[in-house]
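Residue numbers (this note's numbering): 2 to 189. These notes concern the structure reproduced below.
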């Protein structure tokens, strides 16, 4: 399912959609501010990408619990939070949260327990903390937290015990400690 380059302001007519067995791509829709019509969607079997839209909220994804492939949320300059992802418990591939200019928190990700691939959180200038990742226990690939200018602490990673790949934390002018990684027992 792909919604690309449209003048839509909301995706309203997909309220009966429960599953996308392949990929879900919502790209380059400058006028798209909400995705409320996807409120019944429970799973995406492939990858899911929300890229370069006018999104102000993603509350319409509140039933989504799994993404089998990667989940990419990037370059959504008006997206302040991820509230619609409060039931997301696993991402089978990579999770990439990048270049969302006003994203202030990831508090909605409280159900997320595992990321099968890499976890990238980078260039989210307003992001202050990672408190919403408190349920996260494992990252199968690399953990890369980079260039989040307002990030002051990473205590939300306090239950993270294993990272299968490398661990990179760099270019954070407000970050003064990394106590949130105290439970980490294994890094690839």
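Glycine included, every Cβ here is placed at the ideal spot set by N, Cα and C.
C-beta contact flag for residue i and residue j at 9 Å
i: residue 46; j: residue 69; result: yes
i: residue 97; j: residue 77; result: no
i: residue 26; j: residue 52; result: yes
i: residue 108; j: residue 133; result: yes
i: residue 40; j: residue 60; result: yes
i: residue 127; j: residue 153; result: no
Whole-number beta carbon distance between residue j and residue i, since they are thought to touch under 8 Å
i: residue 167; j: residue 143; result: 5 Å
i: residue 42; j: residue 62; result: 7 Å
Span of the beta strand (DSSP E) around residue i
i: residue 4; result: 3–5
i: residue 28; result: 25–28
i: residue 74; result: 72–75
i: residue 16; result: Segment: none, residue 16 is in no beta strand (DSSP E) and carries neither H nor E.
i: residue 145; result: 144–147
i: residue 98; result: 96–99
i: residue 170; result: 168–171
Cβ-based neighbour list, residue i, same chain, cut-off 7 Å, excluding 5 preceding and 5 following
i: residue 10; result: 32, 33, 34
Residue i - DSSP class collapsed to helix/strand/coil
i: residue 86; result: helix
i: residue 39; result: helix
i: residue 118; result: coil
i: residue 109; result: helix
i: residue 182; result: helix
i: residue 134; result: helix
Own chain, CB closer than 6 Å to residue i, minus 5 neighbours either side, in chain order
i: residue 100; result: 75, 76, 124
i: residue 2; result: 21, 25
i: residue 140; result: 116, 120, 164
i: residue 44; result: 20, 67
i: residue 95; result: 71, 118, 119
i: residue 90; result: 66, 112, 114
Own chain, CB closer than 8 Å to residue i, minus 5 neighbours either side, in chain order
i: residue 138; result: 114, 115, 160, 161, 162, 163
CB contact below 9 Å: residue i versus chain D
i: residue 70; result: Among the chains of the structure shown, chain D does not appear; only one protein chain is present.
Residue i Cβ short of 8 Å to the ligand GTP heavy atom set
i: residue 159; result: This structure simply doesn't include the ligand GTP, nor any ligand for that matter.
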